[in-house]
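Visitor: Chains as they are written, first to last, in the working numbering: chain A, 16 to 346; chain B, 78 to 753.
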Amino acid sequence: MLKDELENIKKEFLERLALVKDKGALEEVKGLFVGRKRGKVNDLFLKMAALGAEEKREFGQAVNRLKVFLEEKLEEREKFLASKGSRESVRDDTLPGTRLEKGSAHLLNATLQEISSIFLRMGYSVEQGREVESDYFNFTALNIPEEHPARDDHDTFYLEHATATERYLLRTHTTPVQARTMSKGRPPFKFITPGRVFRKDEPDDTHSPVFHQVDGVLVDHGVTFADLKGTIKLFLRTLFGPEIVVRFRPSFFPFTEPSAEVDVFFNGRWLEVLGCGMIDPAVFSCAGIDSEEYTGFAFGMGIERLTMVRCGVPSLRLLYENDLRFLRQFP
Amino acid sequence: MIVSYKILKELLPLGKSPEELVELFPLMMLSVESVEKRGDDTLFDLEITPNRPDLLGHLGVAAQLATFLNLPLPAPEFDLKGVEGFPEDVSVSVEDPRCGRYTAMVVEDVQVGPSPEWLRERIEALGLHSVNNVVDVSNYVMMLTGHPIHTFDLDLLEGSSVIVRPGRSGEKILCLDGVERLLSPDEIVIADRGRAVALAGVMGGEDSGIRPQTKRVMVESAYFVPKYIRYASRRLKVSTDSSYRFERGADYGVTPLAARWVASLLGEMGGKVYTTLKDVVPNSRSPLVVEVRPERVRRILGLEELDDPTIESMLGRLHLDTVEKKSHSVVVSVPSFRRDLEREIDIIEEIAILHGYDKIPERLPSVELPSVYFSEAEKVQAAWEENLRHYGFCEVVNYSFVGENECGWSFNAFQPLKIQNPLSLKYQWLRRSLLSSLLKSAQYNLNREQRGVKIYEKGEIYGLVNGEILEESVTALLMIGEEERRWNTGTAIGSPFLWMRGALESFLENRGGELELRPQTSVPLSDTCSWRIFLNGKPLGWIGEVKEEILAEAAVSAPAFYMEVSNPSLLGGVKPLAVSKVARHPSVWHDLSFLLEKRRNYGEIETFLKRGNYPFLESFYLMDLYEGDKIESGFRSLTIRFVFRAEERTLGSEEAAGVLESLQDALKSHFPIKFR
Chain A
16 MLKDELENIK
26 KEFLERLALV
36 KDKGALEEVK
46 GLFVGRKRGK
56 VNDLFLKMAA
66 LGAEEKREFG
76 QAVNRLKVFL
86 EEKLEEREKF
96 LASKGSRESV
106 RDDTLPGTRL
116 EKGSAHLLNA
126 TLQEISSIFL
136 RMGYSVEQGR
146 EVESDYFNFT
156 ALNIPEEHPA
166 RDDHDTFYLE
176 HATATERYLL
186 RTHTTPVQAR
196 TMSKGRPPFK
206 FITPGRVFRK
216 DEPDDTHSPV
226 FHQVDGVLVD
236 HGVTFADLKG
246 TIKLFLRTLF
256 GPEIVVRFRP
266 SFFPFTEPSA
276 EVDVFFNGRW
286 LEVLGCGMID
296 PAVFSCAGID
306 SEEYTGFAFG
316 MGIERLTMVR
326 CGVPSLRLLY
336 ENDLRFLRQF
346 P
Chain B
78 MIVSYKILKE
88 LLPLGKSPEE
98 LVELFPLMML
108 SVESVEKRGD
118 DTLFDLEITP
128 NRPDLLGHLG
138 VAAQLATFLN
148 LPLPAPEFDL
158 KGVEGFPEDV
168 SVSVEDPRCG
178 RYTAMVVEDV
188 QVGPSPEWLR
198 ERIEALGLHS
208 VNNVVDVSNY
218 VMMLTGHPIH
228 TFDLDLLEGS
238 SVIVRPGRSG
248 EKILCLDGVE
258 RLLSPDEIVI
268 ADRGRAVALA
278 GVMGGEDSGI
288 RPQTKRVMVE
298 SAYFVPKYIR
308 YASRRLKVST
318 DSSYRFERGA
328 DYGVTPLAAR
338 WVASLLGEMG
348 GKVYTTLKDV
358 VPNSRSPLVV
368 EVRPERVRRI
378 LGLEELDDPT
388 IESMLGRLHL
398 DTVEKKSHSV
408 VVSVPSFRRD
418 LEREIDIIEE
428 IAILHGYDKI
438 PERLPSVELP
448 SVYFSEAEKV
458 QAAWEENLRH
468 YGFCEVVNYS
478 FVGENECGWS
488 FNAFQPLKIQ
498 NPLSLKYQWL
508 RRSLLSSLLK
518 SAQYNLNREQ
528 RGVKIYEKGE
538 IYGLVNGEIL
548 EESVTALLMI
558 GEEERRWNTG
568 TAIGSPFLWM
578 RGALESFLEN
588 RGGELELRPQ
598 TSVPLSDTCS
608 WRIFLNGKPL
618 GWIGEVKEEI
628 LAEAAVSAPA
638 FYMEVSNPSL
648 LGGVKPLAVS
658 KVARHPSVWH
668 DLSFLLEKRR
678 NYGEIETFLK
688 RGNYPFLESF
698 YLMDLYEGDK
708 IESGFRSLTI
718 RFVFRAEERT
728 LGSEEAAGVL
738 ESLQDALKSH
748 FPIKFR
């Protein structure tokens with residue numbers, strides 16, 4: 016009962032205090048709540064007389080705290096009213112806004128995250144692989160045997176370390192993660208494999224020995240090229256905007272068939288942004304999956320290239336120089 | 078490959094302008110790299126994918142156009158005039174099964190000299206150098222048919238004989254490029270009675286080729302099994318227009334046509350052609366047949382409306398002849414120039430391309446959902462990196478390779494991994510720590526107007542442990558320059574070490590991880606400031622000041638602080654965020670200010686206070702620190718705020734004061750401190 020009364024007084028006080036605009040009104044509120052004669056807090060002390068000793072002590076402390084609280088607030092308001100009138104306190108609102116020295120995510124990883132998050136929303140999960148990969152999973156399991164000319168497109172870094180049965184290399188694409196993941200489980204599969212890849216290229220405006228890819232795969236009963244087209248278009252519209260014009264162009268990858276390069280019409284010209292296709296039966300067979308029962312598609316894209324296209328980065332070198340004046344442009 | 082519009086028009090009634098072709102090519106596997114007008118011709122530079130060697134000649138490109146424009150296959154026309162027969166003194170034998178076919182023709186009375194104007198123009202238009210009429214003719218026919226041709230001076234072949242055989246160990250050949258190469262049985266060679274005269278499929282020999290005084294020419298049009306040419310080209314490190322085509326797969330059916338075409342052109346230039354071919358086919362090949370199921374075509378492409386008759390007519394346009402019709406499939410035979418069509422899926426792709434990718438409908442697949450999209454670890458990793466950015470750290474991305482010295486700047490005992498074929502010596506090793514990467518980025522920025530740097534990188538470190546290749550994801554921070562924050566009293570908080578430590582501590586604050594730092598020496602960090610970080614008693618990483626010698630080597634002149642933590646250990650050591658109750662009753666706080674000798678650590682006091690058991694003490698924290706001339710020298714002043722609270726009631730301030738008194742006594746009896 017008395018406790019409720021305390022809360023009510025506090026509430027009423029704060030409401031009235033907020034309306035106070037000058038010293039006269041402030042004095043009025045002061046008198047009403049903490050005035051010696053008819054103040055509401057004083058009245059509370061009077062009500063205590065009827066209480067037993069234990070209750071009296073407890074209630075007394077609570078009323079005291081309320082009194083301290085009200086007096087603090089009154090003082091605060093008084094200062095506020097005073098400051099509004101004084102000349103010295105005039106702010107210069109045209110001074111520059113206060114800046115926080117924020118850190119930033121690297122543009123490459125920011126793009127990689129953005130791309131991943133689009134696929135996550137489309138229901139893909141993320142699979143991680145190893146950057147040091149075996150020759151088998153990087154090539155052979157993906158339908159690129161030793162004598163295949165497609166190996167020419169993958170200038171590969173090999174490690175000196177090797178075992179009797181396996182050569183090791185720095186993966187030239189993230190596609191081996193697909194082969195590894197598929198050979199471990201059963202369909203359906205629906206995942207992306209973002210990560211770092213390596214090719215033996217001298218760094219220049221469009222090449223880097225280290226770069227990044229996002230590959231993806233979807234395998235189930237009855238997956239068709241039409242599903243692939245729908246998926247890729249939805250992805251590109253999300254990334255580039257709903258108006259983007261997309262073109263599928265026949266191409267060749269050893270691990271997909273039919274294969275396509277995908278271009279977008281961006282800033283007045285066609286730009287190649289990703290490769291995709293229906294998973295080749297040979298890849299299914301390496302993973303122990305029956306290609307008569309299951310079909311699926313795979314796609315892959317270079318993050319550096321997409322970043323450069325989208326953000327107008329003129330040279331790939333900028334992405335690996337790590338100049339803070341460049342990095343801070345993309346907080 | 079450069080393709081001439083003029084030549085295409087000679088092979089096919091095109092009915093398309095060069096501009097129309099530029100639009101059309103990309104839709105039929107021909108990527109246009111560039112287009113050049115040259116006189117009355119237009120030249121297309123086309124990128125040919127490795128699976129389509131048939132497109133490495135004008136005939137193949139014309140055949141592809143014929144399919145798409147629904148025209149008959151091109152049939153080149155030329156006159157072959159001369160004497161019937163094949164010279165009796167010339168013998169050809171194939172002793173190596175890796176040669177699938179060897180077709181030879183002989184032309185006599187040849188006048189070697191400059192090419193006629195039309196030929197020279199075409200050769201140059203196609204991006205080749207004009208050498209002499211004989212060489213130009215063989216190159217020209219290669220560009221027409223896609224089939225590599227070689228010509229010998231027959232008078233330089235001992236016994237006028239050609240033998241295709243494996244190379245012999247120790248055998249040498251001086252090639253046309255002037256390089257002498259040591260042969261082995263891995264290579265196929267063309268030999269005469271005595272020696273190897275050409276590296277089959279790759280390059281001719283210097284002393285059997287066409288010379289100014291050559292009179293008798295032998296034209297070679299052969300087929301070699303692709304992978305052996307690839308092995309030879311790779312082993313001997315030589316790649317030519319010829320090896321490029323053979324290793325991708327030449328057309329074994331076109332060898333007679335190509336040979337005749339060469340002979341006919343040499344005949345036009347005054348040579349006497351023996352019109353009979355010597356065609357050696359060691360093993361006859363049966364034509365490739367493939368079974369195609371229309372239902373499968375529809376299932377792969379998602380093209381329900383593509384009916385059987387349409388599919389069959391498309392097979393016809395693809396030059397695939399029906400051999401047999403079954404109830405649910407068609408068996409077709411594949412022409413020799415399309416040996417890439419080995420399986421049903423290869424033909425399905427052709428149908429898709431012919432139908433047009435743009436005419437395939439779009440759908441979204443509905444697939445049973447995976448169990449998780451995003452693992453807990455990924456969420457925590459993202460939050461961790463976000464926290465670093467709040468602390469002002471900018472992310473950098475560096476190569477994974479380092480030089481030999483830098484590879485040593487590491488906290489672990491991984492055996493380093495070396496790249497066999499690095500770009501350069503400074504990129505020869507896989508990094509075992511991110512320190513050298515971050516120092517490199519720091520150095521770059523310090524040289525470019527930056528006074529301090531706060532950077533981080535997430536990446537893999539690599540090494541060999543017990544013979545197993547190990548990769549570990551780590552996050553590393555590097556900080557140079559003082560943080561500008563100050564205590565209330567104006568003393569700079571200042572230390573990059575504390576800033577980095579704060580970034581880690583604040584991340585762990587509500588995630589239930591117990592953090593502990595123990596002094597321990599390490600290779601990269603200075604002996605006076607090298608701490609090992611433990612999370613819940615398990616090693617997490619390292620923090621400290623980078624050794625001077627390392628800074629000197631990295632050309633960084635300012636003191637640098639470094640922290641490296643293992644991501645799996647960090648993510649494994651935290652609990653998911655959970656709400657803890659917000660106190661309902663007010664707290665009471667008291668500040669305690671005292672002087673402490675500078676050589677004593679705040680950490681000692683903190684540990685001591687944490688170990689004690691004081692009623693109602695909810696928390697305490699360092700509120701202020703002062704070092705300066707207002708206090709006794711050799712001392713600093715610390716202010717610790719103690720927060721007291723009772724859970725179920727409002728704590729009286731006298732009660733709190735009582736606890737504070739006992740706290741004060743305990744501190745006084747353990748530390749030489751002076752209260753202010």
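We put the CB at the ideal spot given by N, CA and C, even for glycine.
Source: prediction; values computed, not measured.
What does DSSP give as the partner residue(s) for residue 118 of chain B in the beta ladder?
Guide: Residue 118 of chain B pairs with B/115.
Visitor: Assuming residue 127 of chain B contacts residue 267 of chain A under a Cβ cut-off of 8 Å, what Cβ separation, rounded to an integer in Å, is found between them?
Guide: With 8 Å as the limit, residue 127 of chain B and residue 267 of chain A qualify as a contact, their Cβ atoms being about 7 Å apart.
Visitor: Express the C-alpha separation of residue 154 of chain A and residue 529 of chain B in angstroms, rounding to a whole number.
Guide: Approximately 45 Å between the Cα atoms of the pair.
Visitor: Leaving out five residues before and five after residue 718 of chain B in sequence, what residues of the same chain have Cβ atoms less than 7 Å from its Cβ?
Guide: Same-chain partners within the cutoff: 666, 668, 697, 698 and 700.
Visitor: Note down, in chain order, every chain A residue with its Cβ under 7 Å from the Cβ of residue 213 of chain B.
Guide: Chain A residues near residue 213 of chain B: none, gap ~27 Å exceeds 7 Å.
Visitor: Is the Cβ of residue 120 of chain A closer than 8 Å to any Cβ of chain B?
Guide: Answer yes: the Cβ-Cβ gap between residue 120 of chain A and chain B drops below 8 Å somewhere.
Visitor: What is the DSSP secondary structure of residue 583 of chain B, reduced to helix, strand or coil?
Guide: In this structure, residue 583 of chain B counts as helix in the three-state DSSP scheme.
Visitor: Is it buried or exposed, residue 230 of chain A, if we count other Cβ atoms within 10 angstroms and call 16 or more buried?
Guide: Buried is the call here.
Visitor: Span of the beta strand (DSSP E) holding residue 195 of chain B?
Guide: No beta strand (DSSP E) holds residue 195 of chain B; the alpha helix (DSSP H) holding it covers 194 to 202.
Visitor: Please compile the residues from chain B whose C-beta is within a distance smaller than 9 Å of the C-beta of residue 225 of chain A.
Guide: Chain B residues near residue 225 of chain A: 474, 475, 476, 477 and 478.
Visitor: Taking 7 Å as the limit between beta carbons, can you name the residues of its chain near residue 679 of chain B, skipping five residues before and five after?
Guide: Once the five neighbours on either side are set aside, the close Cβ partners of residue 679 of chain B are 699 and 715.
Visitor: Within the chosen definition, does the segment 292 to 308 of chain B reach the segment 337 to 348 of chain B through at least 3 CB pairs nearer than 8 Å?
Guide: Touching, yes.
Visitor: Please report the straight-line C-alpha distance between residue 632 of chain B and residue 600 of chain B, rounded to a whole angstrom.
Guide: Spanning the two alpha carbons is a distance of roughly 18 Å.
Visitor: For the pair the segment 180 to 200 of chain B and the segment 306 to 324 of chain B, tell me if three or more CB-CB distances fall below 8 Å.
Guide: Output reads no: the segment 306 to 324 of chain B does not touch the segment 180 to 200 of chain B.
Visitor: Just how far apart, CA to CA, sit residue 460 of chain B and residue 549 of chain B?
Guide: Computed Cα separation, rounded: 19 Å.
Visitor: Who does residue 346 of chain B pair with in a DSSP beta bridge?
Guide: Note: residue 346 of chain B sits in no beta bridge, so no partner.
Visitor: Just verifying my parser: in three-state terms, what is the DSSP assignment at residue 610 of chain B?
Guide: In this structure, residue 610 of chain B counts as strand in the three-state DSSP scheme.
Visitor: Note down the Cα distance separating residue 213 of chain B from residue 132 of chain B, rounded to an integer number of angstroms.
Guide: C-alpha separation (whole angstroms): 20 Å.
Visitor: Within the segment 497 to 523 of chain B, note down every full beta strand (DSSP E) run reaching 3 residues or more, in order along the chain.
Guide: Runs of the beta strand (DSSP E) inside the segment 497 to 523 of chain B: none found.
Visitor: Among the residues of its own chain, which have a CB less than 7 Å from the CB of residue 296 of chain A, if the five just before and after it don't count?
Guide: So the qualifying residues of the chain are 306.
Visitor: Go ahead and pull the three-state DSSP assignment for residue 186 of chain B.
Guide: Coil at residue 186 of chain B, not helix or strand.
Visitor: Indicate, with yes or no, if the ligand FMN has a heavy atom lying under 7 Å from the CB of residue 494 of chain B.
Guide: Here there are no bound small molecules, and the ligand FMN is not part of this structure.
Visitor: With DSSP as the reference, label residue 137 of chain A as helix, strand or coil.
Guide: Coil, per DSSP.
Visitor: For the beta strand (DSSP E) containing residue 437 of chain B, list its first residue and its last residue.
Guide: Segment: none, residue 437 of chain B is in no beta strand (DSSP E) and carries neither H nor E.
Visitor: So does the segment 273 to 282 of chain A actually touch the segment 157 to 167 of chain A, counting three or more Cβ pairs closer than 8 Å?
Guide: At 8 Å Cβ cutoff, the stretches do not touch.
Visitor: Could you name the residues of the segment 43 to 66 of chain A whose beta carbon sits closer than 8 Å to any beta carbon of chain B, in the order they occur along the chain?
Guide: Result list empty, no residue passes.
Visitor: DSSP state of residue 249 of chain B, grouped into three classes?
Guide: Looking at residue 249 of chain B - three-state DSSP - the assignment turns out to be strand.
Visitor: Could you check the C-alpha separation between residue 385 of chain B and residue 188 of chain B for me, to the nearest Å?
Guide: In a straight line, the C-alpha of residue 385 of chain B is about 57 Å away from that of residue 188 of chain B.
Visitor: Check whether the Cβ of residue 248 of chain A lies closer than 8 Å to any Cβ atom in chain B.
Guide: Yes, its Cβ sits closer than 8 Å to a Cβ of chain B.
Visitor: Take every Cβ of the segment 86 to 98 of chain A, pair it with every Cβ of the segment 421 to 431 of chain B, and state whether three or more of those distances are shorter than 8 Å.
Guide: Too few Cβ pairs lie closer than 8 Å, so no.
Visitor: Assign residue 519 of chain B to one of two classes, buried (16 or more other C-beta atoms within 10 Å of its C-beta) or exposed (fewer than that).
Guide: Under this definition residue 519 of chain B is a buried residue.
Visitor: Take residue 314 of chain B as the anchor and find which of B/290, B/252 and B/274 has the nearest alpha-carbon.
Guide: When each option's Cα is compared against that of residue 314 of chain B, the closest is B/252.
Visitor: Answer yes or no: do residue 293 of chain A and residue 272 of chain A have a C-beta to C-beta separation smaller than 8 Å?
Guide: Contact flag set, yes.
Visitor: Could you tell me the alpha carbon to alpha carbon distance between residue 423 of chain B and residue 417 of chain B, rounded to whole angstroms?
Guide: Cα to Cα, the separation comes out at about 8 Å.
Visitor: Please name the residue, chosen from B/712, B/409 and B/470, that lies closest to residue 390 of chain B on a Cα-to-Cα basis.
Guide: Cα-wise, what sits closest to residue 390 of chain B is B/409.
Visitor: Would residue 711 of chain B be called buried (16 or more neighbouring beta carbons within 10 Å of its own) or exposed?
Guide: Exposed is the call here.
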